[in-house]
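**Student:**
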Amino acid sequence: MLALGADHGGFRLKEAVKAYLDSAGIAYEDFGTDSEASVDYAPFAVAVARAVTSGKAEKGILCCGTGIGISIAANKVKGIRAAVCTNAFCAEMTRRHNDSNILCMGGRVISEETAVELAKIFLETPFEGGRHARRIAQIAEIENGER
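Residue 77 in numbering that gives the first Met the number 0 sits at position 78 of the sequence shown, and the numbers go up by one each step.
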């Protein structure tokens with residue numbers, strides 16, 4: 000299952016991604032928002048991040064105006080590796096090398112079509128492991144106060 004969330008600035012991207020997920024038969028839970036009315040992004044980031052860290056969701060997708068604010072909020076949750084992506088290369092590499100578990104995108108930065116493309120890449124790309132696993136372990140050590 001995939002967890003989705005957005006503020007007003009990312010609402011349209013989230014809805015475009017939902018349409019893709021529906022057509023592909025991919026299960027998801029939408030944690031909101033449900034319109035373009037102004038809302039704060041942190042509550043949506045935390046809801047999606049906690050769904051991922053609890054195991055309720057395998058991965059998450061978050062959208063705000065730029066993807067930056069919502070990614071910062073999500074990354075405050077222990078175990079989250081949320082990455083802002085604006086192109087296909089970044090969406091692929093954040094999975095291959097960083098084992099990112101949340102994709103963040105900006106509704107004022109990319110088109111709905113690009114958002115769907117990046118979501119598809121993010122969901123289909125595996126983590127390579129190997130030397131990258133060592134680096135992910137180092138990130139976890141920092142997060143746990145061991146470094």
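By construction, the Cβ of each residue, glycine as well, lies at the ideal position given by its N, Cα and C atoms.
Because the structure is a prediction, the values reported are computed rather than measured.
By a C-beta neighbour count over all protein chains shown, 10 Å radius and 16 as the cutoff for buried, is ASN143 buried or exposed?
**Tutor:** Exposed: under 16 other Cβ atoms inside 10 Å.
**Student:** For ARG94 versus THR113, is the C-beta spacing smaller than 8 Å?
**Tutor:** no
**Student:** With 16 other CB atoms within 10 Å as the buried threshold, where does ALA72 fall?
**Tutor:** ALA72 comes out buried.
**Student:** Among residues of its own chain, excluding the 5 on either side of ALA41, which ones have a beta-carbon nearer than 7 Å to its beta-carbon?
**Tutor:** ALA72
**Student:** Three or more C-beta pairs closer than 8 Å, one from the region 8-26 and one from the region 47-54: is that the case here?
**Tutor:** no
**Student:** Here's a check: name, in chain order, each residue in its chain whose Cβ is nearer than 8 Å to the Cβ of ASP29, leaving out the five neighbours to either side.
**Tutor:** LEU3, GLY4, LYS13, LYS17
**Student:** Leaving out five residues on either side along the sequence, give the residues of the same chain with a beta carbon under 7 Å from the beta carbon of THR85.
**Tutor:** VAL108, ILE109
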